[in-house]
Each structure stands twice: as C-alpha cells, then as structure tokens.
Amino acid sequence: MELAASTKLSLLKFDMVQEERIRRIVTPLPPTLSPGPVVCALGRDFRLNDNDALHHAQTLALTFQKPLIVTVCLWPKHTGATRRMYNYHLQALKELESGLRKLSVALIILHGKEDDALYELLCKTKAFHLVTDVLPLRFSKRWKARLAQRLHKINTPWDEVDTHNVVPVWEASTKAEFAARTIRPKLFHKLAHFLVPHEKITAMPHTLSSLEHPAILWHTITPECDESVGEIVSVKVGESAALIQLQHFLSEGLKGYALRRNIIHENRQSGLSVYISRGSLSRRRILLELEKHLGSKLALHIEPSKNGSGSDQTDISAFIEECFIRAELAENFCFYNDNYDNFNGFPSWAKETLTQARGDSRDYIYTRDELATAKTHDELWNAAQRELLTTGKMHGYMRMYWAKKILEWTESPEEAMHIAVDLNDTYELDGCDPNGYVGCAWAIGGLHDRPWFRRPVFGAVRYMTSHAVKKHGSIEAYIAKY
DNA sequence: ATCGGCTCGCGCAA
DNA sequence: TGCGCGAAGCCGAT
C-alpha cells in the first residue's frame, strides 16, 4: 500500500491519463524490483498520436526511469486475416515504428499465440509493468485472461487502457444496453468529462541502441494469411492519411451529411471508418477536431434541430450519432456479450420469432461462395457485393440491405449471420470490429432495433426491399458504378 | 405522395 | 402501473 501511495505522488509530476480510462488487470504485490522495461502491447490502436495506452506506458516509464518498449503481435492464422488486411496493417506499423524510433522507443513484432509470445518477452526482459489497449472481441478477451493468470504468479503489474472510446467502455455503462436510446443519455452525460485533449508522447531520455534494437526488416515479415483477398491500393494507409481525410471531411463532407451520406450512388460518407477500426485514428480526436471546426462545445450540438432537416445542426447531430453514440453502443455490446457475432446474441423477441419462422420457404437459397462471388438474381445486391470485393468498403446504407437479403436467402438465421460476418470480416477493410458485428446483428437479428410486423423468414425482424433503397438514390447509377 | 398501424420492452414518472 | 418512444420500413388506404 505504501508503494501505491508513493507511486501516485511521483506520477503527479507528469500529465496523467484519466484514471477512469485505466483498468487494473494485475495489481502488484509490493515491492516489485523488476529491473526491466515498461512494455506497451498494442492489439488494436496502432498509432503514435492520441494513444492513451502508449501515453500511460510512457508516464510509468519516465516516473520509474525505465525503458519503454512497444510490442505488436501479428495475428495468428485462425483469426482469418487476409492479405488485404495485412497490407494496411504492415504499412501502418512501419509508420508507427519510424515515429517511435524518433522518440527512442523500440517496436518489437511478436509471432505466435499472443499470450505465449508476450509472456516470454515479459520474462526475458524482466518487465517492470505491462500496459495494453482494449479490443472487446473473444480472441482478445481469451488470451488476456490466460495471460492474467500467469502474470499474477510472477507478480507483473498490468494496466489496460481504453483509448479506443471517447467514454471508456466500462464507464459508459455496466451492462449490455438495450438500444441507442438507453445508452445515449449516459454517453452524453460523460462526454464533457472525457472529451479532453490527448497528451503528446515525448522522446525518451536515452537513445535506442541499434545493437539491441535494430530496425525491423519489414520485407522479411511474411504473415500467415489468406493471399486470395487482394490488397486495396485506393485507400491511403496510416495516421497522417487519417488526419488528412478527417480535415477533408470536416471542410467538404460535413455540410449535407445527414441527407447525403445515405445516397447510395454518391460518395458522401466520412471515409473515416477504416482508420478508426484499424487503429490509425482516435474517435476522440475526431470529436475534438469537430469541436474546433465548429468553434463551440459539442454539448451545444447534441440535439438534432427541430426546424428543417437540411440544417447544419442536423448534419452535426447525425455525425455525432454515428461517430460517437452508435460506435460506442457497438463497443458496449461486444464488451458485455460474447455472442456478439451469432444468433445467441440476438434479443429474445427476435430469437423467438425467427425460430417460429424456421420452416418458412425461401424463394432463393445461396451458398456462401455464390454470395461471395456476387452471383445472385438481384443486380442491386450483386453490385453491393462487388463494391465490397473491389474497394474493400460497402456503402453504409447498402450494408443493411445486403445483410437483410442474406437472411432472406439462406437456410437459417444462424447461417445468415455466420455468412454475413464472414464476408464482412474477409473483405471489409474495416472488418473484424464491433461495428461490423453489431451492424450484421442489427440487420439479421434485430439487435438494438424494435420488433416489426411479422413476416415469413424474418419473424419480427425489420424487413427491407429495394423500394427503401430507391428512396436513397439511384439504383441504376449504383449498379453502373460497380 | 402521405399517413396510420404494426409490435415489444425499457426506463422514467407517478 | 402506465406511458412514451424507438437506426435506416412495409403495407394498404386515401
């Protein structure tokens, strides 16, 4: 306890990450005399700037005069990573490495099972402290649970820092929320407290020994992945590209956003989703830049305007809803519900009515591969799938139609969800992320939605036809585009 | 083109 | 206990 008190005092010398953003996974039994470094293991937020995990790790390193090391473990084969994903990831890591090196921080690439690789490194370096970021997905929860058991035994302290959300996921709510309307007031209530500028990472006092930490030979790194899913060259990679896109969106894309983001044949979405899910851009940074752009506190803009749907106010609320409320609702769901990507995670009214509809006849049945290769009778659907295959993204509005049709054209809701998640994770550059799982669960399982009138196959889950799509732009122009 | 009904359950007010 | 209301819609009546 004495050590904890003195730790707190000496930490006061530095600008600290807000306490509520940090979760103690392993608390040390004093005294810890480990001579080694502070290890910051990133599993999601692979960026140098606006990174609270990295900043917290640096604060510990400077306070206790330890070196700082950053590690990234390449995804194991079983996570289904693709060449497309790794093309983005490795380029982003290169940018991260060169940024870290300028500040005398080493980046170490680990291979194999995350907990084994990290445990080995922590032992070998006699690590003083471990800091990680938060990814609320099962594979991450599992390796962390295994590692925690081992770190308790060797008495290595471990802090987890939520640098992905504006309001830390455990602070927003203590349970899986029922709908956007139940989490919205909670998030808005805490927004002002957590929407504060990030601290900058500074140079470490000692230069990196190039003997101990030679530059990474990136061309020798060949991760195990599905090579058949080709890379996307049209998406610029990394932190600086993300900030350029953000400024571009604020100056060019925000006006008219509420109406035009849903027009399917136009390209009026923010274009930020890839950067957020791949860890290049912090949503807190986005909201801070939005605040700067508006010249007034966001709290003044959280209510949608009552007068007229084309106003600036409506655009701002629509963007805040997507970039903050919906995104953090998705994080909340995955954090508290391990069935985020399957039938068991659906709300009970949906599970019950979908089950009653199991025997209903389907007009069309397609296999995963027929869907993946865009070989259905529906040219609108095929165009959406082709957009995904060739650009690594699908228009946000089309994602709903796309997923709902998969429910309509497969044998069971379980299979529909499985295929939708698989295609999303395989081809979307922003895949393997809570947003994608929650999007599929909304469309196929009524998650965070209300029940609607009963119909075959869908039960009480909201149905969708191309009529709805027609109200959001030109189907012909969209098909022609892809 | 526009409007009401559809249908469930959470959370708040009482 | 009652009541308002909800991510993107559909359908049939007017």
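Count along the first sequence starting at 1, add 62, and that's the number in the numbering used here.
From the three backbone atoms N, C-alpha and C, an ideal C-beta is built for every residue, glycine too.
Using CA atoms only, rank isn't needed, just tell me which of 77, 91 and 110 is closest to residue 343. Here the closest residue by C-alpha is 110.
Can you tell me which of 474, 267, 444 and 383 puts its alpha carbon nearest to the alpha carbon of residue 421? Across the set 474, 267, 444 and 383, the C-alpha of 474 shows the shortest separation from the C-alpha of residue 421.
Under the three-state DSSP convention, the category residue 287 falls into: Coil.
Mind checking residue 280: buried by the 16 CB within 10 Å criterion, or exposed? Around the beta carbon of residue 280, fewer than 16 other beta carbons lie within 10 angstroms, which makes this residue exposed.
Mapping the DSSP letters down to three states, classify residue 191 as helix, strand or coil. Of the three classes helix, strand and coil, the one that applies to residue 191 here is strand, per DSSP.
In the DSSP assignment, what residue or residues form a beta bridge with residue 103? Residue 103 pairs with 133 and 194.
Inspect the beta-carbon positions of residue 341 and residue 107 and report whether they are closer than 8 Å. For the 8 Å CB-CB criterion, residue 341 and residue 107 form a contact.
Please report how far the alpha carbon of residue 469 lies from the alpha carbon of residue 405, in whole angstroms. Using only the alpha carbons, I get a separation of about 12 Å.
To the nearest angstrom, report how far apart residue 402 and residue 450 are at their CA atoms. In this model, residue 402 and residue 450 are separated by some 22 Å (Cα to Cα).
Taking the Cβ atom as the reference point for each residue, do residue 224 and residue 87 lie within a distance shorter than 8 Å? With contacts defined as CB atoms closer than 8 Å, residue 224 and residue 87 fail to qualify as a contacting pair.
Would you mind stating whether residue 112 and residue 346 have Cβ atoms separated by less than 8 Å? Yes, they are a contact pair.
Any chance you could list the alpha helix (DSSP H) runs of at least 4 consecutive residues sitting entirely within the segment 490-536, in chain order? Here the runs fully enclosed are 496-507 and 528-532.
Cutting at 6 Å between CB atoms, please list the residues of its own chain near residue 104, excluding the five before and the five after it. Excluding its 5 nearest sequence neighbours in each direction, residue 104 has C-beta neighbours in its own chain below 6 Å: 134 and 195, listed in chain order.
Following the continuous alpha helix (DSSP H) through residue 390, name the residue where it begins and the one where it ends. That run of the alpha helix (DSSP H) goes 389-398.
Is residue 287 near residue 434, with beta carbons less than 8 Å apart? Not a contact, by the Cβ cut-off of 8 Å.
Less than 8 Å between the beta carbons of residue 91 and residue 217, yes or no? Taking 8 Å as the Cβ cut-off, residue 91 and residue 217 qualify as a contacting pair.
According to DSSP, simplified to helix, strand and coil, what is residue 427? Per DSSP, reduced to three states, the secondary structure at residue 427 is coil, with no helix or strand assignment.
Who are residue 171's beta bridge partners in DSSP? Secondary-structure assignment with DSSP links residue 171 through a beta bridge to 134.
What's the C-alpha gap between residue 258 and residue 241? Whole-angstrom Cα-Cα distance: 26 Å.
Distance, residue 412 Cα to residue 522 Cα: In this structure, the alpha-carbon of residue 522 lies about 6 Å from that of residue 412.
In the DSSP assignment, find the beta strand (DSSP E) that holds residue 221 and state where it starts and stops. Under the DSSP assignment, residue 221 falls in the beta strand (DSSP E) whose first and last residues are 220-223.
Going by DSSP, what residue range makes up the beta strand (DSSP E) through residue 85? Here the beta strand (DSSP E) through residue 85 covers 84-88.
If distances are taken between C-alpha atoms only, which option among 477, 140 and 454 comes closest to residue 58? No answer is possible for residue 58: the residues shown for the chain start at 63 and end at 544.
Measuring CB to CB, does residue 188 end up less than 8 Å from residue 96? Yes, the pair counts as a contact, with Cβ atoms nearer than the cut-off.
For residue 144, does the three-state DSSP call read helix, strand or coil? In the displayed model, residue 144 falls within a strand according to three-state DSSP.
Would residue 539 be called buried (16 or more neighbouring beta carbons within 10 Å of its own) or exposed? Around the beta-carbon of residue 539, fewer than 16 other beta-carbon atoms lie within 10 Å, marking it exposed.
The segment 500-517 touching the segment 304-320, judged by at least three CB pairs closer than 8 Å: Flag = no, the segment 500-517 and the segment 304-320 do not touch.
Whole-angstrom distance between residue 184 and residue 209, CA atom to CA atom: Cα-Cα distance, rounded: 11 Å.
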